[in-house]
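Residue numbers (our numbering), protein chains in the order written: chain A, 1 to 509; chain B, 1001 to 1321; chain C, 2001 to 2366.
All C-beta atoms in this analysis are idealised placements derived from N, C-alpha and C, irrespective of residue type, glycine included.
To start, the structure under review is shown below, and the notes come after it.
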Amino acid sequence: MQPAVEFRQISKAFGPVQANADVSFPIARGSIHGVIGENGAGKSTLMSILYGYYHADSGQLVINGQERQIRSSQEAIALGIGMVHQHFMLVENMTVLDNVMLGAEGGFKLSKKRAETEAKLREICVRYRLDVDPLAVIHDLSVGAQQRVEILKQIYRSAEILILDEPTAVLTTQEIASLFDILRLFKEQGKTIILITHKLGEIMEITDQVTVMRAGRVAGAVATRDTSKEQLANMMVGRPIEGNLPRKPHAPGAPVLQVEHLQLKDASGVQLLGDIALTVRAGEIVAIAGVSGNGQSELMEILSGMRLPTSGSVAFNGAALPFAGRANADGLPATFRDLGIGHVPEDRLRDGVIKDFSVMQNTVFGYQDRVTTGAGLFDFKKIADRCAHLLEQFDVRPKDPNVRIGLLSGGNQQKVVIAREVSAAPKLLLVGQPTRGVDIGTIESIHTQLLRLRDEGVAILLVSTELEEVRALADRIVVMSGGRVTGELHIDEFDTTRIGLLMGGMHTS
Amino acid sequence: MEDFQFASIVVSTIRNAPVLIFAAMAGLFAERSGVVDIGLEGKILASAFVSAGVAYTYQDPWIGIAAGILASVALALVQAFVSITQKGNQLVAGIAINIAMSGLTFVVAQYFFQQGGRTPDLGDARLGAIALPGTEAVADVPVLGWVWGQLIGGHSVLVYAAFLLLPVVHWVLFHSRFGLRLRACGENPHAADAAGISVQRTRYTAMIIAGVLCSFSGAYLSIVQSGFFLRDMSAGAGYLALTALVFGNWRPVYTVLGCMMFGFFSAVQIQIEGVDLPVVGRIPGSLIQMIPYIVTVVVLAGLMAKSVAPKALGKPFVKSR
Amino acid sequence: MKTTELPRWASGFVLPVLNLLSALLVAALVIHLLGESPVESLQILVNSAVINPEGLSYTLFYASTFVFTGLAVSIAMKAGLFNIGAEGQMYLGGLGLTLAMLGFDASLSPWLLIPLAIVASAVFGAAWAFIPGYLQARRGSHVVVTTIMFNFIAAGLMNFIIVKYLIPEGDQNPASRTFSEAATLPQLGTWFPVLGDTPLNISFFLALLALVVYGVVVSRSSWGYKLQATGLNAHAAHYAGVRISRTIIVAMLISGALAGLAAVNSILGSTHYLSLNFPAGAGFIGIAIALMGRQHPVGILLSSILFGALIQGGFDLSLEKPNIPQETIVFIQGLIILFCGAMENMYGPALLKLINATRSNGARKG
C-alpha cells in the first residue's frame, strides 16, 4: 500500500541555519507515526512544509502516491492534511462553531451553513467521542477541551492525515489517555496520524513507527516495537543521555521559605490558587510538578514579588514578605531581590531579558542599581569585568558581551539569566522551567549548576512540567493541580503513576 | 422657549453625529481586523478638501464625493502598505498621514483656488435637505409635524446614510463570511492563517473599506455642513471617533451611541454660546470648544481599564513557525 | 561570512539618510507638480538657510527650539510613550514663563529673571504632561489620544487666558504686553557680528547642554537603563524591579518640562511677549526630529538643524514662490515622520543584501 506521505530529500534553510537537510522517509497510511527530536532538530519545520506554511528549498512531497506542491495551508487542507498546533489556533471570544466555520463558511451569508455545520459537528463528536458543545465559547473551555476542538476542526474538514504538534504538553495524565483513545479510534478508521513529540514514553506507548531527527537530518527510522526509550534517546542526542548527576545526601537546614494559606483570586473572582502551603529549606530542592496552567506560574509570580496574593502569608527566613498594605506589585520584585530571593523566570523572553539589550546589559538586569557610582551612573569597568567572568564561568557562547542577547540560542540566553541570578548569591532561588527551549548539552550543565547551588546551601524552588527533570533534581516533590497542592512526596517515593494521578487530582475531564 | 431649545439640540445632535459615525465605522473595520487607525484625521481632511474642491469645479456634489473616496482610499492604502506589508509602527504611520495631509491640503487648495488655503463656497452645489413625503401635510400638526419634518425628515442624504450604515455594518461584521474572517484576523491572526485565510488580504480590504467610509466623513464636513473646505477643519474628529470606538467597546451599536454623545455635546456647545447661565454667566466660546476634548479624556480615563480591544490590535502579523 | 543583521553604521546612519532622501524625493515630486523646479527651490532654500550667515543664524535659532521639543518626544519614546502633546506642553510652558515675567520683570535682575523663566516654563510644561502620563500609568488610557486632546484643550484654554486676562488695555493684538529689557536672552549676534541682528541666543548653548545631559542620563545612568527597559519590554522591566507606574509618570513630566523649555528660546529669544499659537507647530516638528534622529543626541541635533533650515529656507521660499507656501514644510514633516518613523526599515533588507554581496565579493578577491 502506498504511504500516505513521503518526504523525499527535503531541504530548507533559514539564512545560515539549515533547518532540514535531505530528509527522506515514508509515513504509512492508517498508522500512528512519531517524529521525535530535541528542540531545533527540524521536526516543526518539516511539518510546516507539509502543511504549506513554508516551501522547501529542494526535494519533493508525495501525498498518496502523487507528487504535490503545497504552497499554502489551504492547499494542504484540500489534500486532506490537518494540523493541531502546539499553541492552539483558536479565536477565544468566538464559539466552537464559529471557529470551525472560519475558512469554510460556505458562502457570504453565515446563516446558510450554520445549522448544517452544527449538526455535522454534533455527529462527529458522537462518532469520535470528542465531547464538545459546538455553541460553547472557547475561553470558557478547559485546555483539554480546546484541544479537542482543534481536532474537531480537522475532522470536520475531512482530514485523513492528522499532524499533532506536542499535543500532550498541556494535558493531565487522564487527558492524555483520552487523547490516545481518540487517536486509536482514528487509526481504526484508516486515518494517518503524525505525532511530533519529545516525550519518549508516549512514543513507545502509542506509535507504530518512529523517525528520529537530529540537527535537521534523519538520525534514525525504526518500528516502535523494535526499539526502546534508551535507543531512541541515543539517536536523538547522538550520545548517552545523563544518568543520575552526583549530589550530596538530603540534609536540609533551616526553613528559608514558608508559605501558608496562600490564596489568589483574579479580577473576576476566579480562584487561581487555593490554600497553598509549602516549605523550602536551605540546601534542598523542592520541585513543583504539574501540568502547566494549574497555578504554578501564578505561585512563582507571587513568590518573586511580581504579583500580590489575595490572602495568606509567606515567611522568608522567618520574616513576613512585605505584601501587606500595597495596592499593586509595582516595584516589589526589587524589594524581594534585596532580601535575597533570585528568580529565573519561566518565560525568559517575556520576563527575564530585554531582547534588544546586549548580553552585558542583561547581566545587570534586575540589579542595575547595585553597579552604579554615587551619581547614579554605571560603573562600566565593574560591569564589564563581572560580565566577562560570568560568560567564562557559565560557558556562554558566543563570549561577546556586546552582542544583542536576542541573537543567542535559547540555551545560551538561559545561561546568562542563571549566571546573573546565581552570582547575586541568593538565599532562595526560584526557578521556572529552566530547560524549556534549551538543547540537551545545556540541560545537563544547568542541572549541574542547580545541584551545586543546593549543595552549597541555597534553597531552591523549582517548577517544571518535565517529570524527568523533576526526578533528576528534586529532594521533595509538591504536586499542584487546579490551583491547589494535591500531594507531597519525597524523592524516594517517586512513582510516575501516583504523581500522574495527583497531577490530575482536581481535574474534571 | 425651553422646548424649542431642546428640539434644536436634538436635531443638531443628529446632524453632528454623521461626521463621527462615518469615521468611527471606518475605524471599526480597520481596528477589528487588527490595524490601528490613528490616521482617520488625515483621511477626513483629505477627502474634505478633495470633495469640496472637485464639487466646486464640476458644480456637482456627487462627483466631489466620488473624488473624495479616491483620495481617502489612496491614503488608506499607504497606511495599509506601511502597517501590513512593511510591518511598521501603525501609530506613527497614522500621525504621519495626519500631519502630511494638514500641510498638503492647504498647499493644494492654495494652488488651485488662491483663497488662503480654502476652497470657494459651494453655494447650490451641496446636498439639499430631503423632505419626506407628506411633510407639508403634517407641517401644522403639533409634535408630529416637527417629528416628521425636522427630526426624522429634513436631513441631508448623508445623514440618513450614516444611520443606515449601522445595521449594515452590524450585519456584515457578525453575520457575513467577511465579518467572521475580519474579526478572526483582529483576535488571533494565526488562527485565521491556519484556517487558510490570507490575513494580509483581509486587512488590506478592511483598510480600503475604512478609506471609503472615512471619505464620507470628510465630504459631510465640507459639502454638507459648511459648504467649503477650510484648513484643519476636522478639528480632532478623527480622534473623537477613535474614542467613540473605545467607549463602544468596538461594537457598532455602542460606538454609534458614543458618536451621538459627542454630537450631543457639540449641540449643547452651540446653544450655550452667548447665553447667560446662572452663577457662571456667559462662558466664552474658546472654553466651550474645549468640551468635546475634555469629554474624550474623561471617557478614556474612566473606561480604558474595562474596554476590550481586539486582541491582536496594533501587532503586525508575522507567521511564526 | 554573511551577516543576518545590519551593522551599527548601516542601521544608525545609512538607513536614516536613505529614509530622509525618500521623503525629500516625494516632496520634490510634489513641488514639481505645483509647477516649480525642485532644484531651484532647493537652491533658494540652501542659500537662505545655510549660506547666508544671517540665515544660518536664524536656522540655528529655530534649531534651538526644536532640540527641546525633539528631546521631549525622544525621552518619552525611550519609555515607550508616544507623546504627541509637546505642542500643548510648550504652549503651557510659555504661559508659565509669561506669568513669571509679568510678575517679576520689573523687580529682578536678568541673572535671577532668566533662570526663573526657565524653571517656570519647565514646571508648567511638566504639569501639562502630568495628567496624560498619570492616566496611562494608572488607567491604561492611551497617551497618544490623551496628549492630542490636551493639545486641543491647551489651544482653547490659552485662547481664553490670553484674550481675557493678558491683552493690555486698549490693545487689539491677542498677546500679552512686552516684557522688560531685563527679560532678554543675550543674542549671539552681539558677540559674533557676522550673524547680524538675529534672534539666535544663548538658548542654543542651553540646548547643547540639554543634549549632553540627555545622552549621559539615557545611556550611562541606571535610571536611563530602567527607562529604556520600560519602553522595550514593560513585563521584563517589572520583573527587574522597575516601578513602571512611576517611571511612566516621571518620563512624561520630564518630557513636558523639556517641551516647556522650548518656549524660553521662542519667547525670550525673539518676541518677548506671549502670543496666540506661538508654538506654531514646533511640538509636532519635535516628533519628526525624534523619529529622524532615532532618539540619539547627535541625531536629534542634526535633525533639529535640518528642520531649522527647512523653516528658515521655507519662509524665504514662500516669499519668492507663492505656490510653495510654508505649509509645504508641514507636508514634508509628515513625509519625514512616515519614512523615518513608520517605514524606517524599508530599505533594510535590500541594504543587507548589498552588504553581504560586497563582503563575499571582497572575500573572493582577497
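Just curious, the alpha helix (DSSP H) that residue i is in, first and last residue?
i	result
glutamate 1041 of chain B	1040-1058
phenylalanine 1247 of chain B	1237-1247
glutamine 66 of chain A	Careful: glutamine 66 of chain A lies outside any alpha helix (DSSP H), inside the beta strand (DSSP E) at 66-68.
threonine 497 of chain A	496-503
arginine 2139 of chain C	2110-2139
methionine 480 of chain A	That residue, methionine 480 of chain A, is in no alpha helix (DSSP H); its beta strand (DSSP E) goes 476-481.
threonine 448 of chain A	440-455
phenylalanine 1322 of chain B	Nothing about residue 1322 of chain B can be reported from this structure: the residues present for chain B run from 1001 to 1321 only.
arginine 370 of chain A	Segment: none, arginine 370 of chain A is in no alpha helix (DSSP H) and carries neither H nor E.
glutamate 150 of chain A	143-156
alanine 2236 of chain C	2234-2239
threonine 2146 of chain C	2143-2161
methionine 101 of chain A	96-101
Out of curiosity, what's the CA-to-CA distance linking residue i and residue j?
i	j	result
glutamate 469 of chain A	valine 438 of chain A	13 Å
glutamine 433 of chain A	alanine 1194 of chain B	28 Å
serine 1156 of chain B	glycine 1128 of chain B	6 Å
threonine 2358 of chain C	serine 58 of chain A	27 Å
leucine 2188 of chain C	glycine 2348 of chain C	42 Å
histidine 261 of chain A	methionine 480 of chain A	14 Å
leucine 195 of chain A	glycine 34 of chain A	5 Å
glutamine 1005 of chain B	valine 1275 of chain B	12 Å
leucine 1173 of chain B	threonine 2069 of chain C	42 Å
lysine 381 of chain A	phenylalanine 365 of chain A	16 Å
alanine 221 of chain A	valine 210 of chain A	6 Å
leucine 377 of chain A	glutamine 1114 of chain B	57 Å
alanine 2342 of chain C	serine 2304 of chain C	19 Å
alanine 2240 of chain C	phenylalanine 357 of chain A	14 Å
aspartate 1140 of chain B	isoleucine 1009 of chain B	21 Å
tyrosine 2273 of chain C	leucine 2060 of chain C	21 Å
Using the beta-carbon count (16 or more within 10 Å), is residue i buried or exposed?
i	result
alanine 472 of chain A	buried
lysine 248 of chain A	exposed
asparagine 412 of chain A	buried
glutamate 116 of chain A	exposed
threonine 1243 of chain B	buried
tyrosine 2165 of chain C	exposed
histidine 139 of chain A	exposed
valine 2218 of chain C	buried
arginine 454 of chain A	buried
Going by C-alpha distance, which of the options is nearest residue i?
i	options	result
glycine 348 of chain A	A:Val416, A:Pro309 and A:Arg337	One point to set straight first is that residue 348 of chain A is arginine, not glycine, in the sequence displayed. Here the closest residue by C-alpha is A:Val416.
phenylalanine 1081 of chain B	B:Leu1166, B:Met1233 and B:Ala1206	B:Ala1206
serine 1051 of chain B	B:Gln1090, B:Ala1026, B:Gly1039 and B:Pro1120	B:Pro1120
threonine 1013 of chain B	B:Cys1259, B:Tyr1058 and B:Leu1040	B:Cys1259
phenylalanine 1112 of chain B	B:Leu1091, B:Tyr1056, B:Arg1203 and B:Gly1039	B:Tyr1056
alanine 21 of chain A	A:Phe108, A:Leu61 and A:Arg217	A:Arg217
methionine 2090 of chain C	C:Phe2152, C:Gly2314 and C:Val2213	C:Phe2152
serine 2037 of chain C	C:Gln2326, C:Lys2321 and C:Leu2338	C:Lys2321
glutamine 393 of chain A	A:Gly352, A:Ala13, A:His343 and A:Ser445	A:Ser445
glycine 2256 of chain C	C:Leu2006, C:Ser2107, C:Leu2268 and C:Ala2120	C:Ala2120
Using DSSP's beta-bridge definition, name the partner residues of residue i.
i	result
lysine 109 of chain A	B:Ser1176
alanine 315 of chain A	A:Gln258 and A:Ala320
aspartate 400 of chain A	Note: aspartate 400 of chain A sits in no beta bridge, so no partner.
alanine 2175 of chain C	C:Ser2275
lysine 265 of chain A	A:Gln271
alanine 223 of chain A	A:Gln209
Hey, could you find the ends of the beta strand (DSSP E) residue i is sitting in?
i	result
alanine 1080 of chain B	That residue, alanine 1080 of chain B, is in no beta strand (DSSP E); its alpha helix (DSSP H) goes 1061-1080.
valine 62 of chain A	58-63
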